[in-house]
Ligand code: G1P
Ligand code: ZN
């Protein structure tokens, strides 16, 4: 057995190591600065503090450039800080949902996820580091704030000399570090996650649906992993278990730069999938992001299911999934900007529905307290209390379960849903990489306007449509479980008829500011259901742009992404 001694390295403080909506995300070149990454890892371990000695942590990421180098840094720093064991995904690969699964299954202290999610990768792309706690979920604000505080005064970190451990090979290596034993177990990246999916879903009924029978045509699916981490998971689940032809599984080799793709499953960046399904024989299409927690679902001819609708439809049909037959449905939740379609399902079924700030970390407490079964965000995140992260492949399997059980097309399922509940039209405009100062000024402009007492009751109009302001605020959330408060979570303008305009700045960007404008309106008249959402929402969009003077502040004529 190799025996090594730890040593202390003097370091300097780096500004701005504040975790955002989902961990610390910066350009790769920022992480590559000497000591930068080490500081942050040491800060995570210090924040975890007293529980660290002899603990087990999970380590893995989406396979992006610089990931393997960081795994090796984590091994050395964890060893020197008294961690007992690391469970490392083979090749450094673990999807974000897989990390959550493994933390929970093996009851580890937590895990370190190496991902910048859907941000582009490669030497000129982004990198990210995120800490997940023992419940398998992203660290709550209290922990990330502590990490940030530590980064502001850090003077040194502990490490051990480089020890050659081949992380591409499944094996267990034990070292003696300062006389203590330290183990690195390189584990299969896929198995634990696939086992969990098999427990949750009825694979045989999904398979029957996909393969068809002499009486029923096959249900053709097209899955696009966007060269992100989900490829190996998709191949095991869809090809090996569900019998989908290899040809229908696209971009399933994780690449360090995602093959130049922007691995974000939406109508803009997953255009390939949209076009292939539009022009091909497919009944169903799904794409996932770089680290596998986001999903986009489309039906035949690329019929688009908004994530807000997806959440509502799954809520309405959850009982077809064996997992929920066992656990029952304890509650629903959505992030504040997410369309309120799920609220209507909750009201009808008498199940509680929570509204949390943007970011998956806000769902964790509710799930741990047994008050939440299904939740989602408009940003293509859907998931349940099976783990504590959103889960792209889970969402696709949930949809296939619903499709198999109802025997209807995706479009028919949506039309049925709207006939019962009405339709919440939803769109989000993103203005990426704006000048940060101008973006802040714009937010301030809106904030000042909506804070004025005269704003309530005001009528805002555009294109012969009038909206009466019912409520307006900067969203503040009090967690019903631990009473912690998260304020300034986005500017909300709520209208009498249930329509909404929301403005917030992204917390995941690595440079500049991204402004997000969320627009929603509700229609109960069936003749509107097939209308184009952009057309229906146009008047509200115009109001949102005028009110904020967005064009004046940012100089942008149009958003970079519309979803
Ligand atoms: C974005 C999404 C948010 C999601 C997060 C991580 O954060 O809007 O819903 O939880 O990515 O995937 P934002 O950039 O808006 O802060
Ligand atoms: Zn992601």
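Residue numbers (this note's numbering): 814 to 1376.
Think of the CB as a built atom: it goes at the ideal place given N, C-alpha and C, for glycine as much as any other residue.
Being a predicted model, the structure only gives us computed values, none of them experimental.
Close beta carbons around residue i, own chain, < 8 Å, minus the five adjacent residues each side
{"i": "residue 1377", "result": "Since the displayed the chain opens at 814 and closes at 1376, residue 1377 lies outside it and no answer follows."}
{"i": "residue 865", "result": "858, 894, 895, 896, 922"}
{"i": "residue 1011", "result": "1054"}
{"i": "residue 1157", "result": "1125, 1234, 1235, 1237"}
{"i": "residue 1356", "result": "1273, 1274, 1275, 1280, 1314"}
{"i": "residue 1091", "result": "1114, 1115"}
Exposed unless 16 or more other CB atoms sit within 10 angstroms - verdict on residue i
{"i": "residue 874", "result": "buried"}
{"i": "residue 1066", "result": "exposed"}
{"i": "residue 1261", "result": "exposed"}
{"i": "residue 1055", "result": "buried"}
{"i": "residue 1324", "result": "exposed"}
{"i": "residue 826", "result": "exposed"}
{"i": "residue 759", "result": "The shown model of the chain, from 814 to 1376, leaves out residue 759, and the question about it has no answer."}
{"i": "residue 1094", "result": "exposed"}
{"i": "residue 974", "result": "exposed"}
{"i": "residue 886", "result": "buried"}
{"i": "residue 791", "result": "Residue 791 cannot be examined here, being either before or after the span of the chain that is shown, 814 to 1376."}
{"i": "residue 1295", "result": "exposed"}
Rounded C-alpha distance that separates residue i from residue j
{"i": "residue 859", "j": "residue 993", "result": "19 Å"}
{"i": "residue 1017", "j": "residue 1008", "result": "14 Å"}
{"i": "residue 1104", "j": "residue 1041", "result": "6 Å"}
{"i": "residue 928", "j": "residue 893", "result": "24 Å"}
{"i": "residue 1230", "j": "residue 1155", "result": "11 Å"}
{"i": "residue 1259", "j": "residue 1308", "result": "16 Å"}
{"i": "residue 1099", "j": "residue 979", "result": "34 Å"}
{"i": "residue 1222", "j": "residue 822", "result": "60 Å"}
{"i": "residue 1137", "j": "residue 902", "result": "29 Å"}
{"i": "residue 925", "j": "residue 945", "result": "6 Å"}
{"i": "residue 918", "j": "residue 932", "result": "29 Å"}
{"i": "residue 1101", "j": "residue 1037", "result": "7 Å"}
{"i": "residue 849", "j": "residue 872", "result": "18 Å"}
{"i": "residue 817", "j": "residue 990", "result": "5 Å"}
{"i": "residue 870", "j": "residue 1084", "result": "37 Å"}
{"i": "residue 1081", "j": "residue 1088", "result": "11 Å"}
{"i": "residue 1331", "j": "residue 889", "result": "44 Å"}
{"i": "residue 1206", "j": "residue 1212", "result": "10 Å"}
{"i": "residue 1147", "j": "residue 854", "result": "31 Å"}
{"i": "residue 1346", "j": "residue 1240", "result": "7 Å"}
{"i": "residue 1188", "j": "residue 1145", "result": "6 Å"}
{"i": "residue 1215", "j": "residue 1293", "result": "31 Å"}
Beta-carbon proximity list for residue i, same chain, < 6 Å, skipping 5 on both sides
{"i": "residue 1369", "result": "1244"}
{"i": "residue 1208", "result": "1108, 1195"}
{"i": "residue 961", "result": "831"}
{"i": "residue 1003", "result": "1045, 1046, 1049"}
{"i": "residue 1033", "result": "1094, 1095, 1096"}
{"i": "residue 1199", "result": "1013"}
{"i": "residue 952", "result": "944, 946"}
Contacting residues, own chain, Cβ-Cβ under 7 Å from residue i (five flanking each side not counted)
{"i": "residue 1224", "result": "1112, 1113, 1116"}
{"i": "residue 838", "result": "929, 932, 939, 941, 1321, 1323"}
{"i": "residue 1001", "result": "903, 983"}
{"i": "residue 1348", "result": "none"}
{"i": "residue 916", "result": "871, 923, 924, 945, 947, 949"}
Residues that DSSP places opposite residue i in a beta bridge
{"i": "residue 998", "result": "900, 985"}
{"i": "residue 819", "result": "None; residue 819 has no bridge partner."}
{"i": "residue 1247", "result": "1326"}
{"i": "residue 1420", "result": "With the chain covering only 814 through 1376, there is no way to say anything about residue 1420."}
{"i": "residue 1097", "result": "1034, 1112"}
{"i": "residue 1285", "result": "1306"}
{"i": "residue 1026", "result": "Partner(s): none; residue 1026 has no beta bridge."}
{"i": "residue 972", "result": "820"}
Residue list, Cβ distance to the ligand G1P heavy atoms smaller than 6 Å: 834, 835, 930, 1148, 1171, 1172, 1173, 1190, 1192, 1194, 1319, 1320, 1321, 1329
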